[in-house]
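This report concerns only the one structure given below.
In my numbering, the protein residues as written are 5 to 793.
See the structure below:
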C-alpha cells in the first residue's frame, strides 16, 4: 500500500489549515516509496475519484528526471494552489489524496488512505454573535452590589452558531457602540454546547468612566484564526462609585393651594435631576412626615430631556388627607442607591386645603370619582319613565333635577357655588351653568336639557349624565382657587327605532357550512377541524362606527343520532364548549358576510357522535339583539363501529448530536434559557412604546443559535413574568439562512393582550424539521408603554 501524503501545515487532530497559511499555495509532501519508478507521475486529487480530471489538484510531478536511487530523496513536493481553495466564508473539509500513473502500463493507483483537510474560512456567530447574557438586575443598572468579592462583574456567553472547542473569546468594553477596546484575559471554549462564564473587572469598568452607559460585547477567534466581528453590544448604566439633592417641586401648589381636585387620586411631586442619576435609584417622597412607597428610576427616567425632572412621583390622596390641611405642609424626598446610605433633600412647604362642596368634610368616599354624599340627578322627558327617553318623546327637551339634600340630609351647596350639568360629552355652553343664590339655595334646582344641540347631538343609547359643583377656596395672601366635585352618574336610556343590530328583528341561524346533506359533520371534516359561520350579510346597524360585537356559545349536547335538538333537551357536553363574549367585529367580517368560529377536533372530539348547538347575539353602542335562530348539527366522527380517535399533540423534547468525527448535526437545546435572547435594538431594550411599532408590529430578530438549521420554525413568546404559563406564543417565522438573523414579529395588539404599562418578558422557542421543540429561550424583560393612536 502506498504511504499517505503529508500536509505539514495541517493540524493533525482537526485537520484544519490555519488561515495565515492560506495566503500561499499549500505544500503537500508525498513520501517516496519502494515501488516508485521513473515511468511514474504523481497527481493530487480530491473527492476520492482520481478518474475525474475535475478532481485533480495542482500540477503533476513526473518522476522521469529523478534519480530514485538517491538515498537523500525521501519525498516529493506538490502544491494545492490558492486558486483551488474553497472560497472565503466557507467551512469545507476535503478528502485529499494522490495517485501514481505509470506511462508504460497506462495504469493509475491511489494511495490507500486519503487525508482529510479542512479549510475553515468562516468566523463564529454567523451574521452576528448574540449579546452577552446579563441578568435582569444587571440590565437594570450595574452598581457596586453587582460585583463579587473580587470586584468582578460575572456574566455569561451563551452557546453561539458555529461554536467549537478551543474558540477564544475576547471581551469588549466601550463608552459607545462604536468606541471601545478588547480586554485581557481571554477565555477558551471547552464545550461549545455549554454557557461560558466570563468577567469584567472593576478596574476595567473604572477605566471607561463611572456614572454613564457602558457598552458590553465580545468577539471570537476560532482555532483556524478566523476572527469574528464584534457581537451585538448591550448598553447598561454603570454607577459603581456615589450628588447634592435639590428640594422637590409640587406643581399643583403653583396657584397657591393644593385642593381636593389636585390631590385626587394623587399629587405629583417632581424630583429635580441630580448628578449621576442611575437606574434603580430608590426615591421615597415624605409628605407631611409620612413616607410613601419607594420609586425606582427607570431607563425612561434616565433618558428623559436633561432639562426636565428625573422623576414624577405620585403621592396618594390618602397620604395627603392623613397629613391634613395646613398653610405649610413640609414635603421632601430621600434617595438611596444600592447599599449606599440614604440621602435626603431639603423640604418645600406646601399649602393644602381639601375642603369641598357636597356636604360633610371629608367626602365619605374621597377616592371615588363622585362625591359620596351627593345624590343621583333625575331626568324627566315628556311622558317617558324617569331617566328614560322613549321613541315617542325623542325630539322633546328634558329637565334634570339636582337635589339639595345629600344622603345625610344636609345641604350639598352654599350660596356662590356653581352647578354645571353634563349630558354625555356635552356641557357648557349648550347646557347653561346655574349659580346658587339666595333665591334658589333652599330647594332642589331644575336644569333644562335642550333636545337640539344636546339630546339629539349625543343620540340614542345609554347616556351618562351628571352634574358638578364648584366652590372658590380662599388663598393666603389673597385670591382664590376653585375646587369641583361631581355627582354620581345617572344613566339615561335614550331610544329610537331601528337602532339595534338587524333592526331588532330575528337573526339567522349559524351555518355549519361543511355539514353533509343530512346535517352531519362527518369524521373526515370534523377530524381535520371545521368551523361554523355566523351570518352578517344584510344585517343592519353593525358598521364599525357603532362598535359592533358578537357573543357566541357553541356546545355539544347528548343527543345521540337524533336529527334535531333532543326533547327533553340533552345534557350539555361541557368539555366541548367554545364561547366568547363581546368580540369586536372587524371590517373583514362584514366584508366576508360572516363571522367564523373555529371548531378544532381537539375540542369537538368530546362530542364524538352527538349533536351540537350554537347560540349568539349581536350588540352595538345602543344595545344587544339576542333574538336569533338556534343552530343545531349532528357530529359523527367515530370510526365505523368504533370510538372517536383521541387527538394527538406534538411532544416537546430535545436532541443533541455528536460533536466528534463528522460535522455537527442539527441539535436544539433541551432546557429553558439555553437559547440566546432575542436581538432587540438598544432603543427597544430601553422601553417599548407605540413609536417602536411598524404598522402596529414590533419587529425584532433572533441571532443564529447553536444547532440552527434552515427550516427551523421560531415562535415568539411574550409574558408577564419568567413563567412560561404567564404568556402566549405568537405567529412563527422560518429560518431561511442559518448564518443570518431571522426576523420575528410581535403584533402590537397581541402584546397589549398580555399587558401594558408594565415590564413584559420576551422570548421564543424553536421547532426543527423533525418536530423536536426546544425549551423557552433566555428572556428579555422590557418596560412596555403603548398608547393608542
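C-beta: ideal position from N, C-alpha, C; glycine also.
On a predicted model such as this, the values are computed, not experimentally measured, just so you know.
query, result
"Closer than 8 Å to chain B by CB, residue 358", "Judged by its chain identifiers, the structure shown contains no chain B, having just a single protein chain."
"Where the beta strand (DSSP E) through residue 308 begins and ends", "Run containing residue 308: none; DSSP gives neither H nor E here."
"Length at least 3, wholly inside the segment 342 to 396: the beta strand (DSSP E) runs in chain order", "352 to 356, 382 to 384"
"Residue 36 and residue 80 closer than 8 Å at C-beta", "yes"
"Residue 100 versus residue 10: straight-line alpha-carbon distance, rounded", "10 Å"
"Beta-carbon gap between residue 410 and residue 448 smaller than 8 Å", "no"
"Cβ distance (whole Å) where residue 498 is taken to contact residue 473 below 8 Å", "With 8 Å as the limit, residue 498 and residue 473 do not qualify as a contact, their Cβ atoms being about 25 Å apart."
"Those residues which DSSP pairs with residue 95 across a bridge", "124"
"The segment 716 to 736 contacting the segment 146 to 166, beta-carbon criterion three pairs below 8 Å", "no"
"As assigned by DSSP and simplified to three states, the class of residue 506", "helix"
"Backbone CA spacing between residue 87 and residue 56 [nearest angstrom]", "19 Å"
"Residue 670 to residue 192 span [Cα, whole Å]", "Only weak support exists for where residue 670 lies, its pLDDT of 40 falling under 50; the value from the coordinates is given anyway. Those two C-alpha atoms are separated by around 23 Å."
"Spatial neighbours of residue 72 in its chain, beta-carbon cut-off 6 Å, leaving aside the 5 residues before and after", "40"
"DSSP three-state assignment for residue 544, whether helix, strand or coil", "coil"
"Spatial neighbours of residue 457 in its chain, beta-carbon cut-off 6 Å, leaving aside the 5 residues before and after", "434"
"Strand pairing of residue 763, partner residues [DSSP]", "787"
"Bounding residues of the beta strand (DSSP E) (the contiguous stretch that carries residue 340)", "330 to 340"
"Rounded straight-line distance, which links the Cα of residue 77 to that of residue 133", "50 Å"
"Inter-stretch contact at 8 Å, needing at least 3 Cβ pairs: the segment 625 to 634 / the segment 461 to 478", "yes"
"Candidates 398, 146, 414: closest to residue 205 by CA position", "146"
"Residue burial classification, residue 721 (beta-carbon count within 10 angstroms, cutoff 16)", "buried"
"Local conformation of residue 264 per DSSP, three classes", "helix"
"Residue 495 versus residue 367: straight-line alpha-carbon distance, rounded", "23 Å"
"Contact set for residue 773: own chain, Cβ-Cβ below 6 Å, skip 5 residues either direction", "715"
"Run of the alpha helix (DSSP H) containing residue 202, from where it starts to where it stops", "It is not in any alpha helix (DSSP H) - residue 202 instead sits in the beta strand (DSSP E) that spans 200 to 205."
"Beta-ladder partner(s) of residue 616, from DSSP", "560, 637"
"Contact check, residue 239 vs residue 267, beta carbons under 8 Å", "no"
"The segment 159 to 169 in contact with the segment 127 to 144 per 3-pair CB rule at 8 Å", "yes"
"Where residue 585 falls, given that 16 or more other Cβ within 10 Å makes a residue buried", "exposed"
"Cβ separation of residue 420 and residue 440, assumed to be a contact under 8 Å, to the nearest whole Å", "7 Å"
"Own chain partners of residue 667 with C-beta closer than 6 Å, once the 5 adjacent residues on each side are dropped", "Per-residue confidence for residue 667 stands at a pLDDT of 33, beneath the threshold of 50, marking its modelled position as unreliable; no derived number is given."
"Cβ pair count under 8 Å reaching 3, the segment 534 to 544 against the segment 596 to 605", "yes"
"Beta-carbon proximity of residue 491 to residue 517, cut-off 8 Å", "no"
"Between the CA atoms of residue 431 and residue 412 - distance to the nearest angstrom", "28 Å"
"Proximity of residue 333 and residue 356 at Cβ, strictly below 8 Å", "yes"
"For residue 23, the first and last residue of its enclosing alpha helix (DSSP H)", "Element bounds for residue 23: n/a, residue is neither H nor E."
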